[in-house]
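Visitor: Provided herewith is a single structure, encoded as structure tokens, for subsequent inquiry.
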Amino acid sequence: MSFKDSVSDTLVLATRNLKRIPRAPDLLLSFTVQPVMFVLLFVYVFGGAIETPGFDDYTDFLLPGILIQTMSFGGFVTALSLSDDLGKGLIDRFRSLPMSRSAVLAGRTLADVATNLLSIAVMLGVGLLVGFTFSASAAEIVVGILLMLLFGYAFSWIFALMGLTASSPESAQALGFIAIFPLTFASSAFVPVKSMPSAVETFATYNPFTFVTDALRELFLGVPAPNNGVLWAVVWSLGLIAIFAPLAVAKYRSAATR
108 MSFKDSVSDT
118 LVLATRNLKR
128 IPRAPDLLLS
138 FTVQPVMFVL
148 LFVYVFGGAI
158 ETPGFDDYTD
168 FLLPGILIQT
178 MSFGGFVTAL
188 SLSDDLGKGL
198 IDRFRSLPMS
208 RSAVLAGRTL
218 ADVATNLLSI
228 AVMLGVGLLV
238 GFTFSASAAE
248 IVVGILLMLL
258 FGYAFSWIFA
268 LMGLTASSPE
278 SAQALGFIAI
288 FPLTFASSAF
298 VPVKSMPSAV
308 ETFATYNPFT
318 FVTDALRELF
328 LGVPAPNNGV
338 LWAVVWSLGL
348 IAIFAPLAVA
358 KYRSAATR
């Protein structure tokens with residue numbers, strides 16, 4: 108099969124996945140309402156109690172972390188959709204069709220990029236309303252958005268593997284929460300790493316969420332990220348894709364209908 112055919116198959120399946128969203132309003136709410144609730148909760152409930160040296164306002168510190176969390180959570184849709192398709196026998200049907208072996212997963216993860224872009228637009232709009240202020244050029248803002256999409260795309264492949272491995276959509280969701288919540292909360296997303304106990308601080312310092320969140324703060328706010336944060340954020344994202352994309356494709360090829 109040619110590269111052109113593979114791209115065409117991927118786009119067809121990405122469009123299929125996007126068309127399912129209007130018929131599932133709960134998915135649309137997860138892209139929009141849930142992240143907004145996180146912003147409002149942290150800004151107005153915890154904001155006055157958290158000190159963030161180097162930042163004029165907790166909202167400026169918080170929003171990049173919430174954005175990165177939202178990008179990782181975007182992959183839940185991939186896990187649930189693939190787990191559901193596997194349970195209904197659709198994966199077997201896809202594998203019987205004359206299409207690229209990777210098109211189903213590539214189309215599913217590509218659809219996540221589109222929904223993540225919607226989440227970014229909503230989050231930035233809400234952030235500006237509650238007091239977030241950019242201290243960056245237009246080019247830096249664009250680079251920051253591309254970095255978020257890259258990180259979210261990496262986690263879509265992780266969730267693709269989870270969806271094909273879990274025994275049910277509910278198990279996939281539970282497995283995702285168990286994996287994501289420690290990574291997001293034990294990072295610089297919501298509080299400064301220096302405020303954590305020493306053992307947690309060490310983990311948080313090298314947590315990929317910390318690298319990407321700090322890189323986003325550098326791009327959006329001009330606050331320098333430690334240890335070449337932007338470079339390491341890209342390295343982490345590409346590394347996760349390089350590891351989990353082949354694993355997910357291999358699992359897709361061998362996955363059997365439940």
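In my numbering, the protein residues as written are 108 to 365.
Glycine residues also receive a C-beta, built at the ideal position from the N, C-alpha and C atoms.
Note that the structure is predicted; figures quoted are calculated from it, not measured.
Which residue marks the beginning of the alpha helix (DSSP H) containing F297, and which one marks its end?
Guide: Taken as a continuous stretch (DSSP letters only), F297 belongs to no alpha helix (DSSP H), as it is neither H nor E.
Visitor: In terms of alpha-carbon separation, which member of F258, T185, T317 lies closest to V211?
Guide: Comparing Cα positions, the closest option is T185.
Visitor: Compute the Euclidean distance between the alpha carbons of R365 and A267, then round it to the nearest angstrom.
Guide: For R365, the predicted model reports a pLDDT of 48, less than 50, meaning its position is unreliable; a value from the coordinates is still stated below. R365 and A267: Cα-Cα distance of roughly 16 Å.
Visitor: Hey, out of G154, V307, Y165, whose CA is closest to S294's CA?
Guide: It is V307.
Visitor: For the 8 Å Cβ check, are there 3 or more pairs between the segment 229-240 and the segment 144-152?
Guide: The segment 229-240 vs the segment 144-152: in contact.
Visitor: Ordered along the chain, which non-local residues of its own chain (more than five positions away) have a Cβ less than 8 Å from that of V143?
Guide: Here the set comprises V229, M230, V233.
Visitor: How long is the line joining the alpha carbons of G181 and G259, rounded to whole angstroms?
Guide: Cα to Cα, the separation comes out at about 7 Å.
Visitor: Identify whether G196 lies in helix, strand or coil by the three-state DSSP scheme.
Guide: Here G196 sits in coil by DSSP.
Visitor: What whole-angstrom Cβ distance do D321 and A311 have, given they're in contact under 8 Å?
Guide: No, D321 and A311 are not in contact; Cβ-Cβ is about 11 Å, not under 8 Å.
Visitor: Between which two residues does the alpha helix (DSSP H) holding Y313 run?
Guide: Where Y313 is concerned, there is no enclosing alpha helix (DSSP H), given that its DSSP letter is neither H nor E.
Visitor: Count the other CB atoms within 10 Å of the CB of V300; is the residue buried (16 or more) or exposed (fewer)?
Guide: Its Cβ being crowded by 16 or more others within 10 Å, V300 is buried.
Visitor: Let's see if you can read the secondary structure: which residues bound the alpha helix (DSSP H) around T222?
Guide: Start and end: 210-236.
Visitor: Taking the alpha-carbon positions, what's the G194 to F201 distance?
Guide: Looking at the two C-alpha atoms, the distance is approximately 13 Å.
Visitor: Would you please state the rounded distance, in angstroms, between the beta carbons of M178 and F262? I believe it to be under 8 Å.
Guide: Confirmed, Cβ separation roughly 7 Å.
Visitor: What is the residue span of the alpha helix (DSSP H) that M255 lies within?
Guide: Run containing M255: 245-272, per the alpha helix (DSSP H) assignment.
Visitor: Determine the direct distance from the alpha carbon of L290 to that of A281, and round the result to whole angstroms.
Guide: One C-alpha to the other measures close to 15 Å.
Visitor: Could you tell me the distance, in whole angstroms, from the CA atom of L204 to the CA atom of R360?
Guide: The alpha-carbon atoms of L204 and R360 are separated by roughly 13 Å.
Visitor: For the putative contact between V337 and G161, defined by C-beta atoms under 8 Å, what is the C-beta separation to the nearest angstrom?
Guide: With 8 Å as the limit, V337 and G161 do not qualify as a contact, their Cβ atoms being about 17 Å apart.
Visitor: Where does E308 sit, in a helix, a strand or coil, going by DSSP?
Guide: In the structure shown, E308 sits in a helix (DSSP, three-state: H, G or I).
Visitor: Thinking S188 and A273 are a contact (beta carbons under 8 Å), I'd like their distance in whole angstroms, please.
Guide: About 12 Å; that fails the 8 Å criterion.
Visitor: For a quick check, are the C-beta atoms of A357 and A213 less than 9 Å apart?
Guide: Cβ distance not < 9 Å, so A357 and A213 don't count as in contact.
Visitor: In the DSSP assignment, find the unbroken alpha helix (DSSP H) run with S179 in it and report its ends.
Guide: Unbroken alpha helix (DSSP H) run through S179: 165-180.
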